[in-house]
Every structure is written in C-alpha cells, then in structure tokens.
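Asker: Have a look at this one.
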Amino acid sequence: MTLYPAIDLKDGKAVRLTKGIMDSAKIYSDEPWSLVKKFEEMGAEWVHLVDLNGAFAGEPKNLEQIIKIRQNCNVKLELGGGIRDEETIQKMLEIGIDRIILGSIAVKNPQFVRDMAAKYPIAVGIDAIDGFVAVEGWGEVSSMKATDLAKEFANAGVEAIICTDVGKDGTLSGVNVEFTLDIARASGISTIASGGVKDASDIEALIATKEVDGVIIGKAYYEGTLDLPKMFKLLD
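Quick note on my numbering: the sequence shown kicks off at 439 and runs consecutively.
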C-alpha cells in the first residue's frame with residue numbers, strides 16, 4: 439500500500455476543499471514546497487499534486503509553485519489539474535513531474551489517453567458523484583458511470599487509476615472502499631483510493647481488500663486525525 443500525501447494548489451497556496459467546492463478552500467500553507475519537503479522527511483515516496491485553478495481553467499495555473507516544489511524536493515510527484523493536451527504533458531515532464539494525471543479529457547477523449555499512455559507515465563483520475571463521472575474541476579457531472587470509464591482503460595498502458603468519491607472528499611467521513619474496489623475490478627489496473635480518508639482504520643480496510651494499491655491522504659493529515667509519520671513507519 440503506497441500512501442500519497444496530497445497537496446491541492448490554489449492561488450499559489452496549499453489548500454484542501456470539502457466535496458470539491460472551491461469556496462470551501464482552507465489554506466494550510468503559503469509555501470507548498472515546504473509541505474512536500476515535510477512529507478519527504480516522513481518517508482513519502484510519492485506526493486499527489488492537484489492544480490485546482492488549472493482544473494477549472496483547463497490549463498496549468500500554479501506553475502511557479504510546481505517548479506519550486508520540484509526544485510526543492512526529491513520525492514516522486516504526480517500532477518493533475520487542467521492537463522488536456524500533449525504539449526502540456528511534455529512541459530510538465532520537462533519540469534520534472536514523474537506522472538501525469540488525466541481527468542476530464544479521459545471522459546471526452548479516451549483514445550487520447552490511450553495514445554498518451556503509450557508514450558508517457560500516465561494515471562487516469564476518475565472522480566465520481568453518486569457513481570457518475572464528474573469533470574471540469576467537478577463542476578459538471580457526466581452521464582457516464584465511473585465503472586464504465588474504468589473499463590475503457592483496461593490494457594491501455596495506463597500506470598494507475600485514481601478514483602475519488604467526490605461526496606466524501608475532504609469530509610473525513612471514511613473512504614468508500616466498495617467504490618474503489620468496483621473501479622479496481624472494472625479496470626484491472628493498479629488503483630489508488632481517494633476521498634474521505636479519516637484515520638488508520640480506512641487504510642487498514644483498503645489493505646484488507648488486497649486489491650487496492652494506494653491511498654491519497656489529505657485532510658486527515660492536515661486536521662490531525664491520522665498520524666502520518668507513524669503510518670509510514672508501519673508500512674515500511
């Protein structure tokens with residue numbers, strides 16, 4: 439089980455949202471790179487970055503901070519939010535991002551994702567509201583079921599699927615294990631759970647499935663309901 443501490447970037451700051459609502463942003467740091475450094479010192483192998491402004495704008499908007507994080511930290515970085523063409527993928531990889539997360543574009547143009555996964559390290563972000571895929575920074579809900587989208591990427595060369603239950607995201611109400619399992623089984627791809635993680639029991643529940651490979655930790659760390667350094671030691 440790989441733990442992915444998460445940093446959401448909004449207006450150059452590290453924030454967390456509740457249920458994806460931009461107005462709910464709570465600022466946790468004016469220096470996101472220092473948080474990533476802290477995660478690195480705890481033992482993180484990966485850090486999960488989301489450019490929130492970029493997700494809504496359709497193009498990266500927190501580049502200055504992303505570059506600063508890369509220059510100051512040695513962990514592997516995965517980045518999502520507004521990455522919707524090959525030129526942007528190449529630019530982010532040149533900056534030093536280790537894996538690109540494609541979200542909204544995966545719904546609109548799955549063939550593009552398959553083409554990119556053949557060339558670059560790609561993860562697909564599947565975000566769902568009541569089981570249906572949410573796009574455009576979760577501002578719109580499509581008519582596609584999350585599990586149907588997951589099936590699109592079986593045997594497509596995608597490194598991982600990151601599945602988020604938007605209704606739980608940032609709520610500390612517990613991870614949606616069943617939803618995560620549904621995505622893992624539909625895709626057959628390494629699956630990372632996201633949304634609602636509260637404490638060690640959530641991580642234990644995911645480990646017990648033996649079918650989920652990772653979990654994204656956000657508000658549980660920032661609000662102190664999960665002892666992240668202890669968790670890293672336990673899983674080491």
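Heads up, the beta-carbon is just placed ideally off N, CA and C, and yes, glycines get one too.
Only a predicted model underlies this, so the values are computations on that prediction, with no experimental measurement involved.
Counting along the chain, where does the alpha helix (DSSP H) carrying residue 555 start and finish?
Answerer: From DSSP, the alpha helix (DSSP H) with residue 555 extends over 548-555.
Asker: For residue 552, I'd like the list of residues in its chain whose CB is within less than 6 Å of its CB, leaving aside the five on either flank, ordered along the chain.
Answerer: Excluding sequence neighbours, residue 552 sits near 594.
Asker: So the alpha helix (DSSP H) residue 501 belongs to, where does it begin and stop?
Answerer: Unbroken alpha helix (DSSP H) run through residue 501: 501-510.
Asker: Grouping DSSP H, G and I as helix and E and B as strand, with all else coil, what is residue 632?
Answerer: Strand.
Asker: Could you name each continuous beta strand (DSSP E) segment of 3 residues or more that falls completely within the region 566-637, going from the start of the chain to the end?
Answerer: Those beta strand (DSSP E) runs which fall completely within the region 566-637 and span 3+ residues are 570-573, 578-583, 598-603, 629-632.
Asker: Tell me residue 517's beta-bridge partners as DSSP assigns them.
Answerer: According to DSSP, which records beta bridges pairwise, residue 517 is partnered with 487, 538.
Asker: Residue 474 lies in the alpha helix (DSSP H); which residues open and close that run?
Answerer: It spans 470-480 - the alpha helix (DSSP H) in which residue 474 sits, taken as one unbroken run.
Asker: Comparing C-alpha positions only, which one of 619, 640, 654 sits nearest to residue 687?
Answerer: The question about residue 687 has no answer here: the residues shown for the chain are numbered 439 through 674.
Asker: Check the DSSP bridge columns for residue 523 and list the partner residues they point to.
Answerer: DSSP output for residue 523 lists no bridge partner at all.
Asker: Pick from 602, 571, 559, 441: whose alpha carbon is nearest that of residue 456?
Answerer: Ranking 602, 571, 559, 441 by Cα distance to residue 456 puts 602 first.
Asker: Between the region 503-522 and the region 577-589, do at least 3 Cβ pairs fall closer than 8 Å?
Answerer: No: the two stretches stay apart, fewer than three of their Cβ pairs being nearer than 8 Å.
Asker: Report yes or no: do the region 638-648 and the region 596-615 share at least 3 C-beta pairs separated by less than 8 Å?
Answerer: Enough Cβ pairs lie closer than 8 Å, so yes.
Asker: When DSSP labels each residue in this structure, what does residue 664 get in the three-state scheme?
Answerer: It is coil, neither helix nor strand.
Asker: Per the contact definition of three or more C-beta pairs closer than 8 Å, is the region 458-466 in contact with the region 501-511?
Answerer: Touching, no.
Asker: Is it buried or exposed for residue 555, if we count other Cβ within 10 angstroms and need 16 for buried?
Answerer: Buried: at least 16 other Cβ atoms inside 10 Å.
Asker: For residue 592, count neighbouring C-beta atoms within 10 Å of its own C-beta (all shown protein chains included) and say buried if the count is 16 or more, exposed if not.
Answerer: Exposed is the call here.
Asker: Under 8 Å between the Cβ atoms of residue 600 and residue 630?
Answerer: Contact flag set, yes.
Asker: In terms of DSSP beta bridges, what is residue 652 paired with?
Answerer: According to DSSP, residue 652 bridges with 440, 630.
Asker: Figure out for me which residue from 661, 635, 587 has the closest Cα to the Cα of residue 627.
Answerer: Checked all of 661, 635, 587; the closest Cα to residue 627 is 587.
Asker: Hey, residue 439 and residue 651: beta-carbon distance below 8 Å or not?
Answerer: Their beta carbons are under 8 Å apart, which means residue 439 touches residue 651 by this criterion.
Asker: On the DSSP letters alone, give me the boundaries of the beta strand (DSSP E) that residue 558 sits inside.
Answerer: Where residue 558 is concerned, there is no enclosing beta strand (DSSP E), given that its DSSP letter is neither H nor E.
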